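K.L.:
Structure provided below as structure tokens; questions to follow.
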Amino acid sequence: MDIQNLVAQAQEMQQRAQQVEAALLKMTVTGSAGGGMVTVEADGKGNVKKVRLDPAVVNPADVEMLEDLITVAAVDAQKKAAETAQREMRTLLGGINLPFPLPF
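Encoded structure:
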């Protein structure tokens with residue numbers, strides 16, 4: 543593989559990665575906990591955008607449980623975002639023939 547070809551592929555990979563980044567910011571993933579009583583929406587990069595609580599889960603006498611459910615739902619949303627990001631990167635960058643494996 544010549545150096546010019548390698549540089550061209552690197553530039554193409556950078557452009558595709560930027561496209562993926564932009565697409566991930568527009569995506570929405572949802573994590574949940576407590577059988578869907580707590581949901582967290584995040585973008586494809588895992589940035590939390592919205593938290594929804596079923597009124598039945600709000601118990602002033604057990605705030606710790608609610609905090610735990612919110613944490614679990616946020617982690618679930620972020621995990622789904624990471625999986626989505628990996629899938630998108632593989633799809634967009636998979637067609638480039640590199641002399642080394644991609645880290646995802």
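Taking the numbering used here, the leading residue of the sequence shown gets 543, the next gets one more, and so forth. Just so it is clear, CB atoms sit at the ideal spot from N, CA and C, and this is done for glycine as well. Computed from a predicted model, the values in this text were never measured in an experiment.
Provide the residue(s) that pair with Leu-634 in DSSP beta bridges, ordered along the chain.
P.N.:
Answer is none; Leu-634 lacks a bridge partner.
K.L.:
Give the DSSP bridge partners of Ala-575, in chain order.
P.N.:
DSSP output for Ala-575 lists Val-580 as bridge partner(s).
K.L.:
Given a threshold of 16 other Cβ atoms within 10 Å of its Cβ, counted over all protein chains shown, does Asp-618 qualify as buried or as exposed?
P.N.:
Result: buried.
K.L.:
Mind reading off the beta-carbon distance from Val-605 to Leu-595? Whole number of angstroms is fine, and I expect it under 8 Å.
P.N.:
About 12 Å separates the two Cβ atoms, so there is no contact after all.
K.L.:
Could you give the C-beta distance for Leu-634 and Gln-561, rounded to a whole number, given that I count them as a contact under 8 Å?
P.N.:
Leu-634 to Gln-561, Cβ: 6 Å. Contact.
K.L.:
Closer than 9 Å, CB to CB, is Val-571 near chain B or not?
P.N.:
No chain B appears in this structure, which consists of one protein chain only.
K.L.:
Whose C-alpha, out of Glu-609, Gln-628, Ala-623 and Arg-629, is nearest the C-alpha of Ala-575?
P.N.:
The shortest Cα separation from Ala-575 among Glu-609, Gln-628, Ala-623 and Arg-629 belongs to Glu-609.
K.L.:
Using only the alpha-carbon positions, how far apart do Val-593 and Val-614 sit?
P.N.:
Between Val-593 and Val-614, the C-alpha separation is close to 12 Å.
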